[in-house]
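So the sequence shown is numbered by our numbering: it starts at 1 and just counts up by one. Everything on this sheet refers to the single structure shown next.
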Amino acid sequence: MVSDKTLSPGNNHQEGVAVWLTGLSGAGKTTISIPLCERLESMGYRVQRLDGDVVREKLTPDLGFTKEDRDKNIERVTFIAERLVRHGVITVCAFISPYRAERQYARGEIGRFVEVFVKCPLEVCEERDVKGLYAKARAGEIKNFTGISDPYEEPENAEMTVDTSQSTLEAEVDAIIGYLRENGYII
Ligand code: ADP
């Protein structure tokens, strides 16, 4: 049992946790992760955001989108996240992470792990088409595109689900903060 003192923000004994946001491209992972981190930081917690787009540019630019490369991407991210969590950082990970087995791998390696299914119907993601990628995928210009020409395995044991086609960003962030508080990850 961890004491409230241990959970206090910013102290040297702050316990880390990975908040793992998974979902289709355009579901809202990045959009949720930013105010979520800001909220946690404003409460005094040490926080690190790991975002798929940034990681692919900075850490794994050598990898593509085959299953093998997607798995490697998640394995490298898991390596970083595990160390951050071990050192007491709340690590918010925003990755499509389409394969159950890889998310399970991350969960097993990291231990303190809260999986959040950022749920949104494919049609809505496609309508949003934040980065214009769905149009390209439909036109066949991008191969292995999750939801179009590559699988997305919905979580079966996620700690929580937020449906971004049905709720507001504020409600989603509140729900995640609420979960972390109710389950003793923060006070
Ligand atoms: P992802 O990181 O999952 O690929 P993004 O966060 O980049 O997705 O894009 C999600 C898009 O959906 C943004 O344009 C965002 O403004 C929009 N959006 C609309 N409603 C919501 C909501 N309730 N929660 C999160 N994002 C939303």
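The C-beta atom is built at its ideal place from N, Cα and C for all residues, glycine as well. Computed from a predicted structure; not experimentally measured.
Going by DSSP, what residue range makes up the alpha helix (DSSP H) through residue i?
| i | result |
| --- | --- |
| Thr-71 | For the sequence presented, residue 71 should be read as Asp rather than Thr. Per DSSP, Asp-71 belongs to the alpha helix (DSSP H) from 67-86. |
| Ala-248 | Residue 248 is absent from the model: the chain starts at 1 and stops at 187. |
| Arg-49 | First-last for Arg-49: 47-51, but that is the beta strand (DSSP E), not the alpha helix (DSSP H). |
| Val-173 | 169-182 |
| Thr-30 | 29-42 |
| Val-124 | 122-128 |
| Ile-110 | 100-110 |
| Ala-135 | 133-138 |
Straight-line CA distance for residue i to residue j?
| i | j | result |
| --- | --- | --- |
| Gly-16 | Ala-139 | 43 Å |
| Met-43 | Leu-180 | 13 Å |
| Val-173 | Val-54 | 21 Å |
| Ile-177 | Ser-165 | 20 Å |
| Val-124 | Leu-133 | 13 Å |
| Met-1 | Val-130 | Low per-residue confidence applies at Met-1: pLDDT is 46, beneath 50, and the placement is therefore not dependable enough to give any value. |
| Tyr-185 | Arg-70 | 29 Å |
| Phe-117 | Asn-12 | 30 Å |
| Ile-142 | Tyr-152 | 16 Å |
| Ala-101 | Val-85 | 21 Å |
| Ile-32 | Gln-14 | 23 Å |
Hey, is residue i close to the ligand ADP, as in C-beta under 7 Å from one of its heavy atoms?
| i | result |
| --- | --- |
| Ala-158 | no |
| Gly-132 | no |
| Val-118 | yes |
| Ala-27 | yes |
| Ala-94 | yes |
| Gly-23 | yes |
| Leu-169 | yes |
| Arg-49 | no |
| Ile-32 | yes |
| Thr-164 | yes |
| Glu-172 | yes |
| Arg-103 | no |
Tell me where the beta strand (DSSP E) around residue i begins and ends.
| i | result |
| --- | --- |
| Ile-90 | 90-94 |
| Ala-115 | Residue identity check: residue 115 is Glu in the sequence provided, not Ala. Note, Glu-115: beta strand (DSSP E), 113-119. |
| Asp-150 | Careful: Asp-150 lies outside any beta strand (DSSP E) and carries neither H nor E. |
| Thr-161 | 160-163 |
So that I know if they touch, is there some Cβ in chain B lying closer than 8 Å to that of residue i?
| i | result |
| --- | --- |
| Phe-113 | Protein chains in the displayed structure number just one, and chain B is not present. |
For residue i and residue j, which I take to be in contact (beta-carbon distance under 8 Å), what is that distance rounded to the nearest angstrom?
| i | j | result |
| --- | --- | --- |
| Phe-65 | Val-77 | Phe-65 to Val-77, Cβ: 15 Å. No contact. |
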